[in-house]
Amino acid sequence: MNPSTAFARVLVDELLRGGVTDAVLAPGSRSAPVALALAAAERAGRLRLHVRIDERTAAFLALGLAKASGRPVPVLTTSGTAAAHLHAAVLEADASGVPLLALTADRPPELRSTGANQTIEQAGLYGGAVRWSADVGVPEAGREAEQNRYWRSLVAKALITATGALSGDPGPVQLNLALRDPLMPGGEDERALDGPWAGRPGGAAWTAAGAPTSASSGPSPFRQRTLVVAGDGDLLAGRVAAEQADASGWPVIAEPSSGAWSADGVRAGALLLGAPEWLAERRPERVVVVGRPTLSRPIAALLADPRVEVETVHRGPRWPDAGRSATRVAAGFPGGGPGEGGTVDLGWLREWRSASDRVGAAVDAVIDARPELTAARAARDVVAALPSGALLVVGSSTPIRDVDRLAAPRADLTVLANRGVAGIDGTMSTAIGAALGHGGPAVALMGDLTFLHDLTGLLTGEGEPVPDLTVVVPDNDGGGIFAQLEPGEDRYAADYRRVFGTPHGRDLVAVARGLGWAASLVTTPDELRDAVVLGGPRVVVMRTDQRAEAQLARELRAAAAAALA
């Protein structure tokens with residue numbers, strides 16, 4: 022079937038799976054695929070469809086249906102001013118907490134801002150009156166399974182958000198539906214969606230909301246092979262998750278800024294998961310996600326694996342699910358330990374911890390075999406050198422990944438990072454503010470471009486408090502992370518250094534001193550450790566090489582794989 026028709030049928034199917042029993046539409050051309058899918062659902066006895074010629078009337082009709090039933094009710098419009106006529110009802114739904122779902126058909130991006138007929142800026146049209154809005158990408162041919170996951174998870178999220186199932190704050194949601202010709206079906210029949218377009222078995226919603234032990238959903242099934250993945254987020258929630266996972270006998274792979282980063286967890290978890298042969302024999306049946314994992318491609322791949330059941334623990338409507346794979350989202354940590362009718366599988370936990378120890382030893386051996394001071398060594402040694410109770414602020418790009426892969430986790434540190442959108446901007450100011458709030462020893466580890474990006478953060482006005490902060494800057498004269506994440510500089514040698522490496526050619530010690538900070542250059546591991554414990558405010562610079570760091574990263578991955586063979 023054509024992409025617009027496929028999208029419309031998946032959209033309507035997932036709405037019905039999520040509890041929608043009534044829908045309202047006002048006719049139009051751009052919304053035709055969804056209108057026809059709604060009509061087909063009514064013929065199949067799965068839905069009551071209400072049609073009105075006036076969008077304002079249609080919207081308030083949907084509002085009344087939703088107020089009376091307590092269920093979300095979608096209202097569908099075509100593009101242009103038709104979408105604007107929903108605004109009054111959206112405002113009412115906002116003020117009265119009614120789960121209204123505005124489905125606004127739209128022109129594809131190539132027709133926007135071109136003077137094309139019946140086209141306005143619809144994305145975010147209702148501003149703060151909606152609990153959430155999404156500008157849905159244009160359906161395209163190919164990648165059917167990936168699009169199916171995206172569409173279904175998006176609809177499920179819209180319904181959960183509109184009903185306030187997690188937030189306790191129901192209200193309107195907008196899905197802006199950009200559709201490209203052809204809009205009419207091509208003669209396909211209306212049989213049940215299957216193959217790459219299939220939903221969850223048994224008619225279940227793609228993502229369900231509610232506590233795993235709620236009366237409506239029943240207890241969360243116990244899984245002997247459960248792995249906990251903790252990403253950046255609420256530090257207290259991460260600590261609680263780590264404690265509960267330990268009580269259940271589940272290994273924990275925790276990012277440094279998760280709050281779950283402790284000696285009981287799995288060191289170098291990304292390297293373990295990056296060894297496919299080892300993982301093939303130890304693939305978890307279930308992964309419980311706490312926080313927002315963003316650092317590791319192997320973890321992202323595991324969460325997207327259809328053989329793994331993914332549960333997400335999150336309070337509020339914006340839960341992480343980049344792989345569009347979560348089968349359940351709940352406000353509380355799932356049961357599964359002895360008190361929940363399960364038995365702790367200590368063998369499973371021991372196997373992961375043993376592998377973690379082997380990889381950690383292999384990583385240490387590779388790092389220690391090099392006499393020079395590398396960024397990888399700095400990430401490991403800075404963490405180890407910090408006194409108990411210290412604060413560590415880690416910059417995005419390479420430093421946070423090096424700490425995640427190479428450092429031995431410590432529960433007695435507070436680790437922070439700007440991982441919300443993972444930018445390098447403002448990191449210096451973030452670190453200074455965090456250090457002032459922490460009130461004790463603090464270290465910030467950041468790359469040279471991150472340091473230069475926020476130099477004004479070093480300017481402290483007269484009479485302003487100065488934190489006990491040591492800023493450690495591995496200086497490889499540019500953006501070295503691209504040598505590790507992208508295809509590599511050899512393939513694009515002519516342009517790589519300028520457009521990816523972005524060399525700055527500056528003496529960072531002189532730069533820091535010019536802004537009033539004590540600063541020094543260190544060249545040995547011992548000098549680095551001494552500088553970390555000396556205290557601040559100061560800047561400590563160490564010079565590294567982009568090519569050498571990229572080669573070291575490859576050696577570390579190879580050593581980890583060999584340790585697991």
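In our numbering, the protein residues as written are 22 to 586. For each residue, glycine too, the CB sits at the ideal point set by N, CA and C. Quantities reported herein were computed from a predicted structural model and do not represent experimental measurements.
In this structure, the straight-line span from the alpha carbon of D43 to that of A289 is close to 50 Å. Q265: member of the alpha helix (DSSP H) spanning 256–269, first to last residue. DSSP links L413 through a beta bridge to V436, V464.
With 16 or more other CB atoms across the displayed protein chains lying within 10 angstroms of its CB, L32 is buried. In the DSSP assignment, V111 falls within the alpha helix (DSSP H) that extends over 108–117. The segment 264–280 and the segment 211–230 do not touch, with fewer than three beta-carbon pairs separated by less than 8 Å.
Between the segment 431–440 and the segment 398–409, the count of Cβ pairs shorter than 8 Å is three or higher; the stretches touch. Rounded to the nearest whole angstrom, the C-alpha separation of L200 and A123 is 16 Å. For N197, the three-state secondary structure derived from DSSP is strand. Measuring C-alpha to C-alpha distances from V562 to each of T481, E570, G468, I274 identifies G468 as the nearest. With a threshold of 16 other beta carbon atoms within 10 Å, Q168 meets it and is buried. Taking 3 residues as the shortest admissible run, the segment 260–342 contains the following complete beta strand (DSSP E) segments, listed from N- to C-terminal end: 273–275, 307–311, 330–334. Shortest Cα-Cα distance from G312 to any of V261, Q195, P495 involves V261. In the assembly as shown, M449 is a buried residue. Its beta-carbon has 16 or more other beta-carbons within 10 Å. In the same chain as L480, and ignoring 5 residues on each side of it, the C-beta atoms closer than 7 Å to its own belong to L536, in chain order.
Looking only at N23, A58, A540, the smallest Cα-Cα distance to P203 is reached by N23.
The three-state reading of DSSP puts R371 in helix, counting H, G and I together.
Contact between T348 and T228 holds: their C-beta atoms lie close to 7 Å from each other, under 8 Å. Per DSSP, V250 is one residue of the beta strand (DSSP E) stretching across 247–251. Out of A540, D425, R152, the CA that lies nearest to the CA of S377 is found in D425.
A Cβ-Cβ distance of about 5 Å is found for the pair L413 and V436, placing them in contact under the 8 Å criterion.
In terms of Cα proximity to R73, the closest of A53, P54, L97 is L97.
Proximity to L196 across L214, L187, W172, M205 peaks at W172, based on C-alpha coordinates. Just so you know, the alpha carbons of T419 and G344 end up roughly 23 Å apart. The beta-bridge partner set that DSSP reports for T419 is empty. The C-beta of S409 has fewer than 16 other C-beta atoms within 10 Å across all chains shown, which makes the residue exposed. Using a C-beta cut-off of 8 Å, the segment 556–570 makes contact with the segment 529–543, since at least three inter-stretch Cβ pairs fall below that distance. Of the candidates Y517, V45, W373, L555, the residue whose Cα lies closest to the Cα of L294 is W373.
With a threshold of 16 other beta carbon atoms within 10 Å, V310 meets it and is buried.
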